[in-house]
Amino acid sequence: MAPPLTGSRARTVLTSPEGDELEHALRFDFKAFSNDAEYEALIGGTKMALDAGSRNLTPYSYS
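This note's numbering applies: residue -5 is where the sequence shown begins, and numbers increase by one.
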């Protein structure tokens, strides 16, 4: 049996101008309030977008 999940989770979705989507799940090793998880997802998504070569970003939050 797998151990229970601990920490918090978030998800980022990068969408290209053409509508292609790249989805990524994030898991944190700490319990986080909703705002904390949103900020961590924003940082993770921004790093992922920059690594993919993005130069123009428009962040959205659906909380």
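The beta-carbon is built from N, C-alpha and C at its ideal position, and this holds for glycine as well.
Residue i vs residue j beta-carbon contact at 7 Å
i: L51; j: G38; result: no
i: H18; j: T6; result: yes
i: L36; j: P11; result: no
Cβ-based neighbour list, residue i, same chain, cut-off 6 Å, excluding 5 preceding and 5 following
i: A31; result: S2, A4
Three-way DSSP call (helix, strand, coil) for residue i in this model
i: A35; result: helix
i: T52; result: coil
Contact test: residue i Cβ vs the ligand PLP heavy atom, cutoff 6 Å
i: D14; result: The ligand PLP is absent from the structure shown, which contains no ligand whatsoever.
Considering only residues of the segment 0 to 32, which uninterrupted beta strand (DSSP E) runs meet the minimum length of 3 residues and lie entirely inside it, listed in chain order? Contiguous beta strand (DSSP E) elements confined to the segment 0 to 32 occur at 2 to 9, 15 to 22, taking only those with 3 or more residues.
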